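Remarks on the structure that follows.
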Amino acid sequence: MELRIRKEVFQTAKEWILEAGKNIRETIDEPLKINTKSNANDLVTQMDQNTEKFFTQKIRSTYPDHYIVSEEGYGDDLESDKGTVWIIDPIDGTMNFVHQKRNFAISIGIYHDGIGEIGFIYDVMNDILYSAEKGEGAFKNGQKIPELKNELVLEESILVINSHWSCENKRVDEKGIQDLVRKVRGTRSYGSAALELAYVAEGVVDGYLTMKLAPWDFAAGMVIVNEVGGLTTKADGQPLDLLNVNTIFSGNKRIHETVTTQYVRLKGE
Ligand code: 2AM
Ligand code: CA
């Protein structure tokens, strides 16, 4: 992506995100219509849908040649990652949004020919914007986030993981996960993949492991984590597929290597 264009897209996207976040904050106490999607715990509200429509309308009128991949169905059906693609989760952490009215984020990754150029994760209720541009570092409300340190050892690390993956499940051998959970200093689960990736980038947690994420859950976070020297891949270390659901491990390089090679045993791959 040409630098001049990237700078313009970055500024425009940032303004839209702040505006969308302000709208959410201003209407958060109004009654919500909550529907379910794939199962009873897979929630969607009209706030998810309206926020996604807000972005898709802005993008289509301002950048008609850009593509959109987004969670609630107002984007394009893409079979290729060619061109400029906005990968959007209007509300990441919808369960938190519904139950807690906090701990959710707007997540937007902008990719060109499959390469992450821009990432934004907006912690709406705390008004904290994580951002990154390829090759220019990562920022939290405009302040540069330092590079991740690689000297951390597993015994002194905090791992973000949903306890689900240490129970019997279809995707990963839970024994390896139980060993990992015992080995680390502590575990956390915040319920928004985007925020969890932002916390990895910020260095307040050391790794994030999960077995099922859609592109809009990780697209922005991957750009931001990259910019502080961290790695985000499938949970077995293979490269991520931008157009499909993936397993994920994100963290500093040393923890990434240890977890992906010694603890994660995927099933059926
Ligand atoms: P969401 O709130 O945008 O759906 C923890 O639940 C994290 O996983 C959230 O970031 C959530 O994003 C995401 N998530 C929930 N269900 C998912 C699914 N079926 N596939 C992929 N990601 C999912
Ligand atoms: Ca969502």
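Each residue of the sequence shown is one higher than the one before, starting from 402 at the first, in the numbering used here. We put the CB at the ideal spot given by N, CA and C, even for glycine. All values reported here derive from a predicted model rather than from experimental measurement.
Nearest to residue i (by Cα), restricted to the options the options
{"i": "Asn551", "options": "Gly608, Gln458 and Lys635", "result": "Gly608"}
{"i": "Ala594", "options": "Lys584, Met623 and Gly604", "result": "Met623"}
{"i": "Gly536", "options": "Gln639, Phe505, Asn627 and Tyr468", "result": "Asn627"}
{"i": "Asp466", "options": "Gly476, Ser481, Thr485 and Gly630", "result": "Thr485"}
{"i": "Arg655", "options": "Asn647, Asn645, Gly631 and Gln639", "result": "Gly631"}
{"i": "Met658", "options": "Pro491, Val554, Phe411 and Arg586", "result": "The identity of residue 658 in the sequence shown is Glu, whereas the question assumes Met. Out of Pro491, Val554, Phe411 and Arg586, Val554 has the C-alpha closest to the C-alpha of Glu658."}
{"i": "Lys613", "options": "Asn504, Tyr664, Val646 and Thr634", "result": "Val646"}
{"i": "His513", "options": "Trp487, Gly476, Thr495 and Pro491", "result": "Trp487"}
{"i": "Glu548", "options": "Glu603, Leu581, Asn504 and Met496", "result": "Glu603"}
{"i": "Ile649", "options": "Tyr600, Val585, Phe619 and His565", "result": "Phe619"}
{"i": "Phe498", "options": "Glu431, Tyr531 and Gln458", "result": "Glu431"}
{"i": "Thr661", "options": "Gln544, Leu581 and Glu557", "result": "Leu581"}
{"i": "Gly592", "options": "Arg503, Ser651, Asn542 and Val629", "result": "Arg503"}
{"i": "His500", "options": "Phe455, Asn563, Asn442 and Ser651", "result": "Asn442"}
{"i": "Asn570", "options": "Ile469, Thr611, Tyr464 and Glu556", "result": "Thr611"}
{"i": "Lys483", "options": "Pro491, Ile469 and Leu641", "result": "Ile469"}
{"i": "Asp574", "options": "Ala621, Tyr600 and Gly669", "result": "Gly669"}
{"i": "Gly543", "options": "Ala621, Glu409 and Lys415", "result": "Lys415"}
{"i": "Tyr664", "options": "Pro491, Ser532 and Ala636", "result": "Ala636"}
{"i": "Leu596", "options": "Arg572, Leu530 and Glu480", "result": "Leu530"}
{"i": "Ala533", "options": "Arg407, Thr495, Met496 and Arg583", "result": "Arg407"}
{"i": "Gln450", "options": "Glu403, Ala621 and Ile492", "result": "Ile492"}
{"i": "Phe456", "options": "Glu420, Leu667, Glu403 and Val629", "result": "Glu420"}
Residue i - DSSP class collapsed to helix/strand/coil
{"i": "Arg589", "result": "strand"}
{"i": "Ile546", "result": "coil"}
{"i": "Gly474", "result": "coil"}
{"i": "Asp490", "result": "strand"}
{"i": "Asn424", "result": "helix"}
{"i": "Gly622", "result": "helix"}
{"i": "Ile559", "result": "strand"}
{"i": "Ser439", "result": "coil"}
{"i": "Lys483", "result": "coil"}
{"i": "Ala506", "result": "strand"}
{"i": "Val554", "result": "coil"}
{"i": "Ile429", "result": "coil"}
{"i": "Lys668", "result": "coil"}
{"i": "Asn695", "result": "The structure shown does not extend to residue 695, since the chain is modelled only from 402 through 670, so no value can be given for it."}
{"i": "Leu632", "result": "strand"}
{"i": "Lys459", "result": "helix"}
{"i": "Val499", "result": "helix"}
{"i": "Leu643", "result": "coil"}
{"i": "Lys434", "result": "coil"}
Presumed contact (8 Å Cβ cut-off) between residue i and residue j, rounded CB distance
{"i": "Ile625", "j": "Ile489", "result": "That pair is no contact at about 15 Å."}
{"i": "Thr437", "j": "Leu444", "result": "6 Å"}
{"i": "Ile418", "j": "Ile507", "result": "5 Å"}
{"i": "Leu643", "j": "Gly515", "result": "6 Å"}
{"i": "Arg426", "j": "Val525", "result": "6 Å"}
{"i": "Ile578", "j": "Ser567", "result": "5 Å"}
{"i": "Gln447", "j": "Lys459", "result": "Incorrect: roughly 18 Å between the Cβ atoms, too far for contact."}
{"i": "Trp617", "j": "Ser471", "result": "6 Å"}
{"i": "Ser564", "j": "Val585", "result": "With 8 Å as the limit, Ser564 and Val585 do not qualify as a contact, their Cβ atoms being about 13 Å apart."}
{"i": "Val601", "j": "Gly652", "result": "6 Å"}
Below 6 Å from a heavy atom of ligand 2 - residues by beta-carbon: For ligand 2, the selected residues are Asp449, Glu472, Asp490, Ile492, Asp493 and Thr495.
Length-filtered (3 minimum) beta strand (DSSP E) runs lying within the stretch 561-614: If we require 3 residues or more, the beta strand (DSSP E) runs fully inside the stretch 561-614 come out as 587-589 and 608-614.
Please specify which runs of the alpha helix (DSSP H), each continuous and at least 4 residues long, are wholly inside the stretch 510-538, giving them in chain order. None, since the stretch 510-538 contains no complete alpha helix (DSSP H) of that length.
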